[in-house]
Amino acid sequence: MSQIEKLQIQGIRSFGPRDEDKSRIDFMSNEESSPLTLILGQNGCGKTTIIECLRYITTGDHPPGSHSGRSFRVQVIGHVKLQFKGLDGRLYIIGRTIEATAKTKSITIKTLDAVLTRRGLPGEPNSSISGKCTDVNAQMSIHLGVSKAILNYVLFCHQEESNWPLDEGSKVKDKFDEIFASAKYKDCLKKIKDVRSKQLETQRIEASELKYLAEDKELVQEKRSEKARKESSLECLEKDLAEIEERMKPLEDELRDIQKEISSAEKSLEHCQSEAEHLEKTLDFIVDAGSSNEEVERMKDELEEECESKRVEIQELQKNLDSIEKDIASQDFELKKVLALI
Numbered sequence: 005m006s007q008i009e010k011l012q013i014q015g016i017r018s019f020g021p022r023d024e025d026k027s028r029i030d031f032m033s034n035e036e037s038s039p040l041t042l043i044l045g046q047n048g049c050g051k052t053t054i055i056e057c058l059r060y061i062t063t064g065d066h067p068p069g070s071h072s073g074r075s076f077r078v079q080v081i082g083h084v085k086l087q088f089k090g091l092d093g094r095l096y097i098i099g100r101t102i103e104a105t106a107k108t109k110s111i112t113i114k115t116l117d118a119v120l121t122r123r124g125l126p127g128e129p130n131s132s133i134s135g136k137c138t139d140v141n142a143q144m145s146i147h148l149g150v151s152k153a154i155l156n157y158v159l160f161c162h163q164e165e166s167n168w169p170l171d172e173g174s175k176v177k178d179k180f181d182e183i184f185a186s187a188k189y190k191d192c193l194k195k196i197k198d199v200r201s202k203q204l205e206t207q208r209i210e211a212s213e214l215k216y217l218a219e220d221k222e223l224v225q226e227k228r229s230e231k232a233r234k235e236s237s238l239e240c241l242e243k244d245l246a247e248i249e250e251r252m253k254p255l256e257d258e259l260r261d262i263q264k265e266i267s268s269a270e271k272s273l274e275h276c277q278s279e280a281e282h283l284e285k286t287l288d289f290i291v292d293a294g295s296s297n298e299e300v301e302r303m304k305d306e307l308e309e310e311c312e313s314k315r316v317e318i319q320e321l322q323k324n325l326d327s328i329e330k331d332i333a334s335q336d337f338e339l340k341k342v343l344a345l346i
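Residue numbers (our numbering): 5 to 346.
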């Protein structure tokens, strides 16, 4: 709870403007209780002025009737200083300087400066804010924990305004609205409704997005499962491909060997045929020379046997070649199937 501790007044109404006219009031306060303070005195001694100064120093509002006062000076400068304990338990000092200037038909009053100082903790410097750079009145309401309306109309209500509850209904309602901050309450309700409507709209949009995101998530999971299955199938196909390639290697080597043998046999056959032609020519020559028929028949039989042997050998090689080509064609067909699956 906040507490008022000291008040200093100078140059306000019956309190003189000189330094020796400074007056200080120490309000009784302690940790356990804050007793009720009664201000007593004769008429004109400054009882109302003390309330006015408390109101002015806490709210910054000038008291009613202050623009119609009288002074023996053209210009008077007043000072009000208040020491209080804030809601946070820290000690605060606020000082306001006011200037009153007498003109022909009126008095002009203005606040020159307001400074709010917070006493630092042990080993910590004081910190101050000026009314020229911030709203000191708002800071006072925060540190005192009391709104400006309550300070004006309840706690430090001027005696000339103390009958405001007896005013007409609309004026009383306006003051109660200020005291209970109904306008702020309505603004807060409006902001809450606006925020709620925005949040509901955001929720609706995000729910719609969430639906599509859930569908996308399900699709991604399906694609991942499909990818895993295809990767597993690819591994199996790659293994099959490697096995087929391994099986094809010896067949290809055997095919090359048989092709070499066939090529060699064909060359041997050509050689035999060439020799047969040569032998036939020789045979004709021998017949012409009068050789015996038995020798010629023997040579002819030998040549035919050799030719037949070569033909048989070529046929066997051709059979082997056909068999190997069938195996290779079969393996090549399986290889193409595997590659198509990949």
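Just so it is clear, CB atoms sit at the ideal spot from N, CA and C, and this is done for glycine as well. On a predicted model such as this, the values are computed, not experimentally measured, just so you know.
Quiz item: What separation, rounded to the nearest whole angstrom, lies between the Cα atoms of residue 28 and residue 90?
Solution: 20 Å
Practice problem: Between the Cα of residue 19 and those of 57, 236, 194, spot the shortest distance and give me the residue it belongs to. | Solution: 57
Practice problem: Kindly indicate which three-state DSSP category residue 282 falls into: helix, strand or coil? | Solution: helix
Quiz item: Hey, how far is the Cα of residue 157 from the Cα of residue 51?
Solution: 18 Å
Quiz item: For residue 99, which residues does DSSP report across the bridge?
Solution: 85, 119
Self-check item: Residue of 130, 11, 125, 22 minimising C-alpha distance to residue 85
Solution: 11
Practice problem: Look up residue 26 in the DSSP assignment and say whether it is helix, strand or coil. | Solution: coil
Quiz item: Going by beta carbon distance, what residues of the same chain come within less than 8 Å of residue 266, once the five residues before and after it are set aside?
Solution: 318, 321, 322, 325
Quiz item: Are there 16 or more other CB atoms within 10 angstroms of the CB of residue 41, so buried, or fewer, so exposed?
Solution: exposed
Quiz prompt | Alpha-carbon to alpha-carbon, residue 209 and residue 162 | solution = 56 Å
Quiz item: Can you tell me whether DSSP reads residue 202 as helix, strand or coil?
Solution: helix
Exercise. Return the CA-CA distance between residue 340 and residue 234, expressed in angstroms with no decimal places.
Key: 18 Å
Exercise. To the nearest angstrom, report how far apart residue 148 and residue 222 are at their CA atoms.
Key: 59 Å
Quiz item: DSSP state of residue 52, grouped into three classes?
Solution: helix
Exercise. Over the uninterrupted alpha helix (DSSP H) stretch that includes residue 8, give me the two end residues.
Key: First-last for residue 8: 7-14, but that is the beta strand (DSSP E), not the alpha helix (DSSP H).
Practice problem: For residue 8, collect the residues of the same chain with a Cβ closer than 6 Å to its Cβ; drop the 5 residues on either side in sequence, then sort them by chain order. | Solution: 31, 88
Self-check item: Endpoints, the alpha helix (DSSP H) within which residue 145 is located
Solution: 140-148
Self-check item: Short Cβ contact (7 Å threshold) for residue 54 with residue 43
Solution: yes
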